[in-house]
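The block underneath contains the structure these notes are about, expressed in structure tokens.
Protein chains: 2
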Amino acid sequence: MQLAPVTLTAIASPRRREILRLVWRQELAAGDIHRAMPDVTFGAVSLQLKTLVDAGLVEVRTESRHRYYRARRDALGPAAKILEQMWDDALWRLKLAAELEQSRRGPQPTQPKTSPRRKRS
Amino acid sequence: MQLAPVTLTAIASPRRREILRLVWRQELAAGDIHRAMPDVTFGAVSLQLKTLVDAGLVEVRTESRHRYYRARRDALGPAAKILEQMWDDALWRLKLAAELEQSRRGPQPTQPKTSPRRKRS
DNA sequence: CAATTATTTTAGTTACAACTAAAATGTCAT
DNA sequence: ATGACATTTTAGTTGTAACTAAAATAATTG
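Chains as they are written, first to last, in our numbering: chain Z, 2 to 122; chain U, 2 to 122.
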């Protein structure tokens, strides 16, 4: 399989990666996708979906009034791994942050926030 | 190893991919790199080099008047494979094109290029 | 048919990446 | 120091990606 340059530009956009993540393992209607990202208009989401479809990275199925989108994971080839890894890493970091937050509330913070010096002079 | 989003935007640019290819397996001075892409100014190349260095994808070594650049293949992680594959594919296509060209000069073309007409008028 | 829902498309705005030309910086030789 | 070379940095231009608001399309329901 050949990885087109358009694939690289497609996954370089955070917004499109967000969409890809949503439809990675399940079909979602355009409206569902928009509901998951309320900071942009429906039109914006629709345009990005079109970009992804044109790049061959997402497939669409029309059913009655709805249009269901789903990632074509195979078409992404080696890029699929990169995305999954990025998402895993992000989860990992979130988890770490949450644990840190937790411990900050608890009895003894394991690490002072800044200036690790014990004492000077 | 964590693959930063900046890596994706870095390799999404054809110009930066061109540079990465040049310094993939050898050090090159900024001037050498510029000489290999005469369609842009030296300044433009220098800016892209800076972008690549800032993204951590290229390292630089200063020696006397020159600055030598080289790809950090390990820092690219899974993206390295993608790039190499793209370049291999491009070579592959070039090779096919060359063979086609060759056979066009030879006795029997295996495939007419377009419009199989023998002669006009 | 009209009204409702789901989505796309158009036209226009804005932010930014990639570039150029020119000035600035740094390094070596004389 | 002066000049030549190698490169970076600055300031300004331009093309385009990402967006918004609104109009257009399309399917469904009463």
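No residue lacks a Cβ here, since even glycine has one placed at the ideal position from N, Cα and C.
Keep in mind that this is a model prediction, so the values were computed, not measured.
- DSSP places Z:GLU64 in the uninterrupted beta strand (DSSP E) bounded by 59-64.
- Judged by DSSP in its simplified three-state form, U:ALA37 adopts coil rather than helix or strand.
- Annotated three-state conformation of Z:LEU4 is coil, per DSSP.
- Residue pairing by DSSP places U:ARG68 opposite U:THR63 in a beta bridge.
- In this structure, DSSP gives U:ALA30 an extended state, which the three-state scheme calls strand.
- Annotation: Z:ASP75 to U:LEU48 spans about 35 Å, alpha carbon to alpha carbon.
- Think of a sphere of 7 Å around the beta carbon of Z:LYS82: the chain U residues whose beta carbon falls inside it are PRO79, in chain order.
- For Z:LEU50, the enclosing alpha helix (DSSP H) begins and ends at 43-55.
- Within the region 6-38 of chain Z, PRO6, THR8, LEU9, THR10, ALA11, ILE12, ALA13, SER14, PRO15, ARG18 place their CB atoms closer than 9 Å to a CB of chain U, listed in sequence order.
- Counting only the Cα atoms, Z:THR8 lies some 7 Å from Z:LEU77.
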